[in-house]
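Q: Dropping the structure in here first, questions after.
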Amino acid sequence: MPIKPHWLAAAAILVSAPLLQPLAAQSTAKDAPHAAADAREMPVTAALNTKVDSSIAATEAVNANAEALNAEQQAQYAADRQAYLAAMRAHHRDVVATDAHYIHQQDAYAAAMHDWRVQVALCKHGHPRACDLPTPDPANYM
Numbered sequence: 035m036p037i038k039p040h041w042l043a044a045a046a047i048l049v050s051a052p053l054l055q056p057l058a059a060q061s062t063a064k065d066a067p068h069a070a071a072d073a074r075e076m077p078v079t080a081a082l083n084t085k086v087d088s089s090i091a092a093t094e095a096v097n098a099n100a101e102a103l104n105a106e107q108q109a110q111y112a113a114d115r116q117a118y119l120a121a122m123r124a125h126h127r128d129v130v131a132t133d134a135h136y137i138h139q140q141d142a143y144a145a146a147m148h149d150w151r152v153q154v155a156l157c158k159h160g161h162p163r164a165c166d167l168p169t170p171d172p173a174n175y176m
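Under the working numbering, think of the first position of the sequence shown as 35, with each following residue one higher.
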């Protein structure tokens, strides 16, 4: 015969009921021995709480200093990074300018060499005037 779910719930309540009764039976009134123990323990507890509070305050002070230092370091990092990026941009501009200058020089040299080859070819084919011309100077092509 299968067990019905509502029977399981009723059984669980009946089993747990004796466990709940000691909690309900406890009294909140202090008897003399508890009051005396509390009186002896209160100064110790207060001293421990004071130590804990001072430790918490010291920890909070250390954390505040660490946060301030971290903020300073982050600001310095950001400034250093910006300076680095600016230096890289300036360097890149210099490299591009230098590259452009050398490309221009190479183009001038190539143009002068082309004209010289044409001049030599004309000279070899019997054009005496081409033989008398000076060698092309790349500086004139810049």
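We put the CB at the ideal spot given by N, CA and C, even for glycine.
Roughly how many angstroms separate the alpha carbons of alanine 92 and tyrosine 111, rounded to a whole number?
A: So the alpha carbons of these two residues sit roughly 28 Å apart.
Q: If you draw a straight line from the C-alpha of arginine 123 to the C-alpha of isoleucine 137, how long is it?
A: For arginine 123 and isoleucine 137, the distance between alpha carbons rounds to 21 Å.
Q: Which of helix, strand or coil does DSSP assign to aspartate 65?
A: coil
Q: By Cβ distance below 8 Å, which residues in the same chain neighbour alanine 173 in space, the five residues on each side in sequence not counted?
A: Ala142
Q: Within the continuous alpha helix (DSSP H) that includes proline 162, where are the two ends?
A: 162-166
Q: Buried or exposed for proline 168, going by 16 or more other Cβ atoms inside 10 Å?
A: Classification of proline 168: exposed, given that the 10 Å Cβ count is below 16.
Q: Give the list of continuous alpha helix (DSSP H) stretches no shorter than 4 residues that lie fully inside the segment 80-132.
A: none
Q: Does DSSP put histidine 159 in a helix, a strand or coil?
A: coil
Q: Answer with buried or exposed for glutamine 108, where buried requires no fewer than 16 other C-beta atoms within 10 angstroms of its C-beta.
A: exposed
Q: Give the DSSP-derived three-state secondary structure of methionine 176 in the structure shown.
A: In this structure, methionine 176 counts as coil in the three-state DSSP scheme.
Q: Given this structure, state the Cα-to-Cα distance separating valine 130 from alanine 146, to the nearest angstrom.
A: 24 Å
Q: Nearest CA to the CA of histidine 29: which residue from His126, Pro162, Tyr175?
A: Look at the range of the chain in this structure, 35 to 176, and you will see that residue 29 is not part of it.
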